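Notes follow the structure.
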Amino acid sequence: MSTSELKTITVIGSGLIGRSWAMIFVSGGYRVNLYDNQPERAATAIAEIRKQLEELEKNHMLRGQLSTAQQLALLSSYEDLAQALEGAFFVQECIFEQLEAKQHIFQDIERLVGEDVILSSSTSGLVPSSIFSKVQNRSRCIVSHPVNPPYYVKLVELVPHPKTAATVMDHTFTLMTKVGQAPIRLRREIDGFALNRVQAAIIAESWRLVQDGVISVKDIDLVMSEGMGMRYAFIGPMETMHLNAPEGLEDYMKRYGEGITRNLTSFGPVPNFFGEEAKSIFKEMCELIPSDQQHLSARRDRRDQLLLGLAKLKKDH
Ligand SMILES: NC(=O)c1ccc[n+]([C@@H]2O[C@H](COP(=O)([O-])OP(=O)(O)OC[C@H]3O[C@@H](n4cnc5c(N)ncnc54)[C@H](O)[C@@H]3O)[C@@H](O)[C@H]2O)c1
64 MSTSELKTIT VIGSGLIGRS WAMIFVSGGY RVNLYDNQPE RAATAIAEIR
114 KQLEELEKNH MLRGQLSTAQ QLALLSSYED LAQALEGAFF VQECIFEQLE
164 AKQHIFQDIE RLVGEDVILS SSTSGLVPSS IFSKVQNRSR CIVSHPVNPP
214 YYVKLVELVP HPKTAATVMD HTFTLMTKVG QAPIRLRREI DGFALNRVQA
264 AIIAESWRLV QDGVISVKDI DLVMSEGMGM RYAFIGPMET MHLNAPEGLE
314 DYMKRYGEGI TRNLTSFGPV PNFFGEEAKS IFKEMCELIP SDQQHLSARR
364 DRRDQLLLGL AKLKKDH
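Counting with the working numbering, you get residues 64 to 380 for the letters of the sequence shown.
Laid out in structure tokens, this is it:
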């Protein structure tokens, strides 16, 4: 048995993200205590995880070296926080995205665990200095922000509190790598972290181009899915530029930097995503994919199948 097989991680909240973390950690051989404050919810989540793991095994997409049965044996559900935290060296919080709820749960957790236990939050938008403001020892606190669905999309943004110890960042980085995720380190906290800031920039210019009548909703999506996205699944914007000029990035900027600057200076203000103007964009999107549950869930299933295929491809590279 490797040492990881003897270690326990507590996952707090058994919704979409809590279930995913539980699956990822057991795939790495960690024991996982899954806690939810709603009766039966953590137990129901484990039943759901069982189905998902069986399906993954059938598709040869189960992560890690252990079988479904071995992974499930590492998983337990709890309705009592103190019991769920017993023996844990790492806590991954995944409750609702509500600041006060997160502040309170971390206050409760801190009272119940030893000094060296790492407290990690899955928040997608709250900065560590807000979430951990009620924790006494913030040097052991960190945000580990996953991307949905984390089982296939492996990026985890590690965001420190101003007081986070370097060793906590290092240990979390090592843990995430061990369980097969792709962690990145932010050097300081910032609203939106890295992923959501880049995403916001893409959303803003896509929205403006549609709103200004330059392009349709369908075609701006194709700019990404048939254009930029083809390479971005494997190489990011920096490497893309580095490879796209004979002598690398500096050469690229000599050739194209002026054009990029010109484009950037012609970007309009932050679009209005809510007013009357936005309505025609909502309508255009819904003509392509109606927003009823039947159509949306069919497209979500398609998205997940495609991501599964992409994850398979990336696994081999
Ligand atoms: N869904 C996403 O795409 C996504 C992606 C990245 C990060 N996140 C973040 O992950 C976190 C969880 O999101 P989700 O989509 O899994 O939410 P969810 O609503 O699916 O699940 C939340 C779970 O937490 C439980 N819960 C609520 N308060 C609790 C408490 N005090 N103690 C214990 N359990 C509690 C609920 O019963 C529920 O089961 C959020 O902070 C969210 O921002 C979500």
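Virtual Cβ for every residue (Gly too), placed ideally from N, Cα, C. All values derive from a computational prediction rather than experimental measurement.
By the Cβ criterion, the region 75-83 is not in contact with the region 117-135, since fewer than three pairs of Cβ atoms, one from each stretch, lie closer than 8 Å. Restricting attention to GLU117, GLU313 and GLY91, the CA atom closest to the CA of THR131 is found in GLU117. Annotation note: the region 297-369 contains the following uninterrupted alpha helix (DSSP H) runs of length 4 or greater, listed N- to C-terminal: 300-306, 312-328 and 339-351.
Put simply, the region 202-210 touches the region 222-231. At least three CB pairs are less than 8 Å apart. Straight-line measurement puts the Cα of THR71 at about 13 Å from the Cα of GLN134. Residue pairing by DSSP places TYR141 opposite TYR98 in a beta bridge. Contact between the region 279-299 and the region 244-251 is absent: fewer than three C-beta pairs spanning the two stretches fall below 8 Å. Burial state of VAL333 is exposed, judged by a 10 Å Cβ sphere holding fewer than 16 other Cβ atoms. With a cutoff of 8 Å on beta-carbon distance, ILE181 and VAL154 are scored as near each other.
ASN259 places its beta carbon less than 8 Å from that of GLY188. The continuous alpha helix (DSSP H) containing THR131 extends over residues 131-136. As for any beta strand (DSSP E) of minimum length 3 sitting wholly inside the region 202-259, the runs are 204-209, 218-223 and 245-248, ordered along the chain. The region 212-219 and the region 229-245 touch, with three or more beta-carbon pairs separated by less than 8 Å. When the five nearest sequence neighbours on each side are left out, the beta carbons in the same chain lying within less than 8 Å of the beta carbon of ASN335 are those of ALA341, in order along the chain. In this structure, LEU97 and ILE87 do not form a Cβ contact; the two beta carbons are roughly 12 Å apart against a cut-off of 8 Å. In this structure, the straight-line span from the alpha carbon of ALA105 to that of ASP379 is close to 34 Å. Under the three-state reduction of DSSP output, LEU175 falls in the helix class.
Look at ASN100: its beta carbon is less than 7 Å from one of the heavy atoms in ligand 1. Boundaries of the alpha helix (DSSP H) around GLU118: 104-121.
Taking 8 Å as the upper bound for CB-CB distance, LEU138 and VAL95 are in contact here, some 5 Å apart. The DSSP-derived three-state label of VAL74 is strand.
For the pair ILE194 and LYS226, the CB atoms are not nearer than the 8 Å cut-off. The alpha-carbon separation between HIS358 and ILE283 amounts to approximately 21 Å.
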